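Right, one structure below, let's go through it.
Number of protein chains: 2
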Amino acid sequence: MTEAGPRPSSPLDMPRLDTGSTFRDLAYAALKRAITAMDIYDHAHEIRLDERRLSEGLGVSRTPIREAMTLLEQEGFVRTLPRRGIYIVRKTKREIVEMITVWAALESMAARLVALNAADGDIAELRRLMDAFHDGPDGQTGGERLEEYSDANIAFHQAIIRMSGCTLLAELTENLFIHMRAIRKITIHQDNRAARSIVDHMRIIEALERRDPEEAARLAREHTLGLAAHVERHGDFLHTARDTNAPVTMTQTM
Amino acid sequence: MTEAGPRPSSPLDMPRLDTGSTFRDLAYAALKRAITAMDIYDHAHEIRLDERRLSEGLGVSRTPIREAMTLLEQEGFVRTLPRRGIYIVRKTKREIVEMITVWAALESMAARLVALNAADGDIAELRRLMDAFHDGPDGQTGGERLEEYSDANIAFHQAIIRMSGCTLLAELTENLFIHMRAIRKITIHQDNRAARSIVDHMRIIEALERRDPEEAARLAREHTLGLAAHVERHGDFLHTARDTNAPVTMTQTM
DNA sequence: CCGAGGCTTCTGGTATACCATATACCATCG
DNA sequence: CGATGGTATATGGTATACCAGAAGCCTCGG
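Protein chains in written order, with my numbering: chain A, 2 to 255; chain B, 2 to 255.
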């Protein structure tokens, strides 16, 4: 039994060919990875994606590229202006705040579910994950450890979502996190948020250990809404409105 | 600056041509409307969509049809099996429950925001919307009024989401509601849910009028989670697992 | 020197042809 | 008669050609 599940060990036990991976999916993955990797908010100018150039670069025709673009556009990562170009989207401050608000709602529900249903072992794992971090060189969190913390931070939140057992919660928050990652570097350096964050996380873990769904949900919500409020106050580096020369502001006003 | 604001009333105040509406978007809208209209869960057999037939029927080539399919697939309305066909998705019970759970999380947050930020007039409008309904012929809700209530029900929930002022909340719940609509007919006839629902709604409105965010959020959440629990218990008419003839049944017979 | 108007080029949108494989049917062979 | 392997057809995936509109450039007239 090399690979579990519905696969009766036949004489020729070959790994199944991935007939499911299409060029579209590959292009989608590649583009999303590229967009995630680059720090969008560092660039001052708009970043345009050229279908033909990408097509040539990836070695496939424009068709799968376009379908990948269709996906990315629906997810809010790019915006295509007919006969103008395809541009990587930089969210406005308002949109960021809305994303964080939605995230707060989803994670609060996730925390509730974890408190109700998760296995003790999983919750213990959560604590270990945090302990492992702030047991580093004394308690100070300044300096280069911020980068490291940034990852641990995301990992913590993703862990709670995952432990909720609700696949849909995970799917919906995934893209939110990608957008968050792009601006976390900026927010985390302000207001000593890192230190506060750790305290909040520990309180959430304690509520989960007490199996207190109300408190866990409340703490998770308020923790994340705190970030929303922070961005609302100090997020002026973000766009305040959509691109000026918008082709059809019409649809937004309707 | 010939054209500063949203729309300076020019001598020729014509409605702008909708250069933004592509065949893809039109096909997407048409398909989504069609899928929404048909009662998916009534049909016993799988429903397949033929790209070429649709292409011919809508009078456009396959390309925009395919891009629309890409969108619908990402939204979870169809599933495309390479070289097999494109099928309308019927959600499993588990998926339905997850959707309702997410909906509960989002609407709970929406209710909180409404209690905090909405204008008094909007909340009053909400009450009027509900009063207008259950002020009908005496208080009984049985019989054909259920259909009417079903719409009022959705309208109530959508109103709260909209009044939250959070665009993203509205966008995310939109598709959830479409899936809900498909199974509401079945759930609403069971367990006298309609009558209970009205009571719950009124309590939510009262909490909003008191500007009590905690209570509004709690009531909204519990109301919707109640539906989730109901489906969990009595939703056995739904699929319990993914399609049996998965793309590669092959391996099972080996 | 400057602006209007047209030309060139670039870019996404669409149509169409072709490809590879899943499926059903069918001929063949034991 | 049943199993097996070939084959026609159907269907989604991909490549490519062409279209229309937008941006920039360039010329030409004032």
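Each residue gets a CB set at the ideal place from its N, CA and C atoms; glycine is no exception. On a predicted model such as this, the values are computed, not experimentally measured, just so you know.
The Cβ atoms of Y88 of chain A and I184 of chain A do not sit closer than 8 Å to each other. Closest by C-alpha distance to L228 of chain A, out of A:H190, A:M203, A:E210 and A:E215, is A:H190. Under DSSP, Y88 of chain B forms a beta bridge with B:R49 and B:R80. Residues of the stretch 150–172 of chain B that bring their beta carbon within less than 8 Å of a beta carbon in chain A comprise C167, T168, L169 and L170, in sequence order.
If you draw a straight line from the Cα of G166 of chain A to the Cα of I206 of chain A, it is about 17 Å long.
For E99 of chain B, the nearest beta carbon of chain A is closer than 8 Å to its own beta carbon. Within the same chain, and ignoring the five residues on either side of R204 of chain A in sequence, the residues whose Cβ sits closer than 7 Å to its Cβ are L220.
Taking all protein chains shown into account, H46 of chain B has fewer than 16 neighbouring C-beta atoms within 10 Å of its C-beta and is therefore exposed.
In the DSSP assignment, H240 of chain A is bridged to A:T93. If the five residues before and after G86 of chain A are omitted, its C-beta is found closer than 6 Å to the C-beta atoms of R49, all from its own chain and listed in chain order.
Linking R128 of chain A to E57 of chain A through their CA atoms gives a straight-line distance of about 48 Å.
Against chain A, the CB of L32 of chain B has no partner CB under 8 Å away; the residue lies outside that interface. In this chain, H190 of chain A is not harboured by any alpha helix (DSSP H), its DSSP state being neither H nor E.
Cβ neighbours of G60 of chain B within its own chain (closer than 7 Å, five residues either side excluded): none. Taking the CA atoms as reference points, R182 of chain B sits about 26 Å from E108 of chain A. Using a 10 angstroms sphere on the CB of R54 of chain B, the tally of other CB atoms stays under 16, which defines it as exposed. With respect to chain A, the C-beta atom of P214 of chain B has no partner C-beta closer than 8 Å. Following the DSSP letters along the chain, one finds H235 of chain B inside the alpha helix (DSSP H) bounded by residues P214 to H235. If you draw a 10 Å sphere on the C-beta of R194 of chain B, you find 16 or more other C-beta atoms in it, and that means buried. The beta carbon of N118 of chain B is closer than 7 Å to those of G166 in its chain, skipping five residues each way along the sequence. DSSP places L107 of chain A in the helix class (H, G or I) of the three-state scheme. Residue B:T102 holds the alpha-carbon nearest to the alpha-carbon of H231 of chain B among B:T102, B:D123 and B:S151. Taking 8 Å as the CB threshold, T37 of chain B stays off the interface with chain A.
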